[in-house]
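K.L.:
Chains as they are written, first to last, in our numbering: chain X, 217 to 377; chain U, 211 to 687.
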C-alpha cells in the first residue's frame, strides 16, 4: 500500500513540476478553426482563418505567427477545409509534412482570398472530392490531384469541380 | 466472558448488578427457596408466570431440592426447551438470550426458553426490490431469519451451525450450508475463520465483513450481502456458504466474484433473454459510470483532436464563460455529487428526496446558468452517477465510485495514457483479489462468460458451478 501511495505521489509531483510528457489544453481558451485559407505572396505565406491571420516566410512560421497573434489557443485539428489561394498549391508538400491539419480536411483552390464570413457554412454544403489525405497519397505515388476551384461570383462563392 | 465462582444467588446477582432490566424473584416451593431470573424485554413475563412459576408452585411439592430440580427438568414445567446450567457463565448466556433461569440452591439451575414475541416481523426488501419474487426480507433476529430460510429451503440437509462471536456482544452467528452439496473444505474454512474472530463485539456489517474476509486493502466487497431470503437460498443451492448474524437484517454469501456482484435478484425473476440483456446493460453502465468522467477529461483537455469537430465545438462553446479548467470542473462536480448522495443518505427519507431535487435540479441548473460549470461536464458527471446506480450492490458501486475518482485523477494528469494506466491498475487489483480462495475475476476466465454476462436457460443449466467444488455437481436431471 505504501508503495502505491509513494508511486501516486511521485506521479503527481512530476505532473505539477511539468515533468510528464503530456500537455493539456485549456478547453475554454481553444479557438477551433473551421476553414483555413492560405496564399503564397512575394513576402511568404499568409494564413487567414476565423481566429485571425498569420504571416511568415514558411508555412510553419505563418502558423506560429497565427498562434501568437490569436486571443486564445488556435486549434488547427478542427479545420474542415483548406483553401489554397493563388500559388499556394506549391506549398502543399510543406503543409503535408508539418501535419498541422487533419488528413480529412477538404481541399479547395481559389484565385484569391475569400471573405471568411459564411465560408465554412457554404463549403460544408459543397464537399470537395479531394482531401489532404488524398493529396498526401497522390504525392507519395507521384501523381498530381486537382482540387475543385472556389470562385467568387456576384451571388457569392461558388465551387466548380 | 469469564465468570468464575459458585453457582449461587449472590454471584448471579453480582453479574447483573446495576442492570435495570434484570429481574429476580424469590419463591417458596414446599419449603424450598428458589430464585427466578429473567431479563425484561427479552423474555415474556406472562409466559414465565404461566409456564414456569405456576407449575412449580402447583406440582413441585415434596422431596429434596434435587428431586425438585429433577421434576422441574423432566416433568413439571411445560416449556419445550429446558437446559440445565452447569455454571455462572451458562446462566448468564442463557439470560441474555431470552431464557428465564430458575436456581435450585445446591442442586443447580435450569434455563427455560421464554422469549418475548416483540421483534420486527419480516417485511418487503428495501433495497433489493423485484417486480416478481417473494417479499420476505431478513430481519434483525437470527432465529426469524433461519425460519424464513427454512421456509424457502425445506431440506433437512440444511445445516445451521451456530456459534457465539464477540466477548462482550455475544453475537449469535449462524453458518448456513447444505450438507451433501456444499464443499466441505469451504464449510471448514468458514468455520475456522469465524472461530478465529476474538473481538469485543460483532455488531456492525463492517465488522462482520472485515473480520471474516481478513480485512484486505480493497474497497471491493469480498462477501456478498443480501436482504432477500430467496437469493440467500439460491446462493446455498449454488454451493456457497451463508452467514446470518444476529442483529443484522441481512445474510452474507461466500465466496463472491465479479459475476455474483453484477447479478441482480431480478435476473431470476425474468426470462433468460431479458435477464441477459439487463446484465449486459449493467456491465455497460458500470463501464460508463467508471470511465466517462475520466474519458471526458482526457478527451477535452488532452486529446481534443480526437473528438468530432462538431462535438468539440459544442464543448468549447459550452465552456467559453466557465472560469475553471475542465479538470477542476469535473472533479468539483464529482465531489458535489458524492456530497449530495451522502447528505441524502443521512437525511430522513422525505427530506432526502427534497434534497435531491434541490441539489440536482435547482443547484445544477443555477450553476450552469451562472457559468460556474459547463452543461457538458454536468451531463457527463450526471450520466456517470446514474450509471453507477444501475450497478447492483451498494458495496460494489461504492468501490467503483472510489475508482472513478482515481481514474479521473490519473486522466487529468496524463490524458488517455492516465486513463489506460488507471484501468490497468484496477484490472491488476481485481485480478489479485480472491474470496475464500475464489478468484475475483473467475467468471471472466472462461470463454462463455459464465454467469457474469449470460444468464443461461434454467432448463439447460444442469450443473452447478464446478469451480465452487460442490459435492453434488448436478442440480437437475
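Even glycine gets a Cβ: it sits at the ideal position worked out from N, Cα and C.
1) List, in order along the chain, the chain U residues whose C-beta lies closer than 7 Å to that of residue 242 of chain X?
2) Evaluate residue 306 of chain X with the Cβ neighbour count: other Cβ atoms within 10 Å of its Cβ, from every protein chain shown; 16 or more gives buried, anything less gives exposed.
3) Hey, which unbroken runs of the alpha helix (DSSP H) at 4 residues or more fall wholly within the stretch 415–445 of chain U?
4) Check for me: the alpha helix (DSSP H) holding residue 688 of chain U runs from which residue to which?
5) Can you round the beta-carbon distance between residue 459 of chain U and residue 476 of chain U to whole angstroms, since I take them to be within the 8 Å contact cut?
6) Looking only at its chain, what residues have a beta carbon closer than 7 Å to the beta carbon of residue 448 of chain U, apart from the 5 residues adjacent to it on each side?
7) Residues in the same chain with beta-carbon distance under 7 Å from residue 382 of chain U, minus the five sequence neighbours each way, listed in chain order, please.
8) Closer than 7 Å, Cβ to any Cβ of chain X: which residues of the stretch 215–228 of chain U, in chain order?
9) For residue 638 of chain U, is the classification buried or exposed, using 16 other Cβ atoms within 10 angstroms of its Cβ as the cut-off for buried?
10) Can you tell me whether DSSP reads residue 229 of chain X as helix, strand or coil?
11) Shorter than 7 Å from the beta carbon of residue 402 of chain U to some beta carbon of chain X?
12) Could you compute how far the alpha carbon of residue 562 of chain U sits from the alpha carbon of residue 555 of chain U?
13) Jot down the residue ranges of each uninterrupted alpha helix (DSSP H) in the stretch 566–601 of chain U, minimum 4 residues, whole runs only, in chain order.
14) Relative to chain X, which residues along the stretch 516–529 of chain U have a C-beta separation below 8 Å, given in chain order?
15) Only counting the same chain, and skipping five residues up and downstream in sequence, which positions put a Cβ closer than 7 Å to that of residue 445 of chain U?
16) For a test of the three-state rule: what should DSSP assign to residue 219 of chain U, helix, strand or coil?
17) Answer with buried or exposed for residue 520 of chain U, where buried requires no fewer than 16 other C-beta atoms within 10 angstroms of its C-beta.
18) Does DSSP put residue 771 of chain U in a helix, in a strand, or in coil?
19) Give the DSSP-derived three-state secondary structure of residue 306 of chain X in the structure shown.
20) Starting from residue 279 of chain U and walking both ways along the alpha helix (DSSP H), at which residues does that stretch end?
21) Can you grab the Cα-Cα spacing for the pair residue 240 of chain U / residue 421 of chain U, in whole Å?
22) Identify the contact partners of residue 623 of chain U in chain X, using a Cβ-Cβ distance below 8 Å as the criterion.
23) Listing by chain order, which chain U residues have their CB less than 9 Å from the CB of residue 296 of chain X?
24) Would you report the Cα separation of residue 368 of chain X and residue 376 of chain X, rounded to the nearest angstrom?
25) Below 8 Å on the Cβ atoms is my contact criterion, and I expect residue 314 of chain X with residue 276 of chain X to pass it. Report the Cβ-Cβ distance as a whole number of Å.
26) My output table needs one value for residue 664 of chain U: the three-state DSSP class, helix, strand or coil.
27) Expressed to the nearest angstrom, what Euclidean distance is found between the alpha-carbon atoms of residue 416 of chain U and residue 442 of chain U?
28) If we count the other Cβ atoms within 10 Å of its Cβ and call it buried at 16 or more, is residue 405 of chain U buried or exposed?
29) Listed from N- to C-terminal order along the chain, which residues in the stretch 243–254 of chain X have their beta-carbon within a distance smaller than 8 Å of any beta-carbon of chain C?
30) How many angstroms separate the CA atom of residue 672 of chain U from the CA atom of residue 362 of chain U?
31) Along chain X, which residues have their Cβ under 8 Å away from the Cβ of residue 532 of chain U?
32) Closest to residue 663 of chain U by C-alpha separation, out of U/323, U/468, U/369, would be which residue?
33) Specify the secondary structure class of residue 528 of chain U as computed by DSSP and reduced to three states.
34) Residues in the stretch 486–512 of chain U with C-beta within 8 Å of chain X's C-beta atoms, listed in sequence order?
35) For chain X, is any of its Cβ atoms less than 7 Å away from the one on residue 658 of chain U?
36) Cβ closer than 9 Å: which chain X residues qualify as neighbours of residue 514 of chain U?
P.N.:
Checking against the coordinates, here is how it stands:
1) 535
2) exposed
3) 415–423
4) With chain U represented from 211 up to 687, any question about residue 688 of chain U goes unanswered, as that position is not in the structure.
5) No, residue 459 of chain U and residue 476 of chain U are not in contact; Cβ-Cβ is about 20 Å, not under 8 Å.
6) Cβ within range, chain order: 674, 675, 678.
7) 352, 372, 374, 456
8) Per Cβ criterion, the list is empty.
9) Counting Cβ neighbours within 10 Å, residue 638 of chain U comes out exposed, since fewer than 16 surround it.
10) helix
11) no
12) For the pair residue 562 of chain U and residue 555 of chain U, the Cα-to-Cα distance works out to about 7 Å.
13) List check, alpha helix (DSSP H) in window: 574–579, 585–599.
14) 519, 522, 523, 525, 526, 529
15) Answer for residue 445 of chain U: 452, 463, listed in chain order.
16) The answer is helix: DSSP assigns residue 219 of chain U an H, G or I state.
17) Burial call: exposed.
18) Since the first and last residues shown for chain U are 211 and 687, residue 771 of chain U lies out of range.
19) helix
20) First-last of the alpha helix (DSSP H) with residue 279 of chain U: 275–281.
21) 52 Å
22) 227, 228, 231, 236, 238
23) 519
24) For residue 368 of chain X and residue 376 of chain X, the distance between alpha carbons rounds to 11 Å.
25) 6 Å
26) coil
27) 19 Å
28) exposed
29) The structure shown contains no chain C; its protein chains are X and U.
30) 21 Å
31) Within 8 Å Cβ-Cβ: 244.
32) U/468
33) If DSSP states are grouped into helix, strand and coil, residue 528 of chain U belongs with the helices.
34) So the list reads 510, 511, 512, given in the order they occur along the chain.
35) Note that residue 658 of chain U has pLDDT 48, beneath the 50 cutoff, so the model's placement of it is unreliable and no number is given.
36) 241, 243, 246, 248, 291, 293, 294
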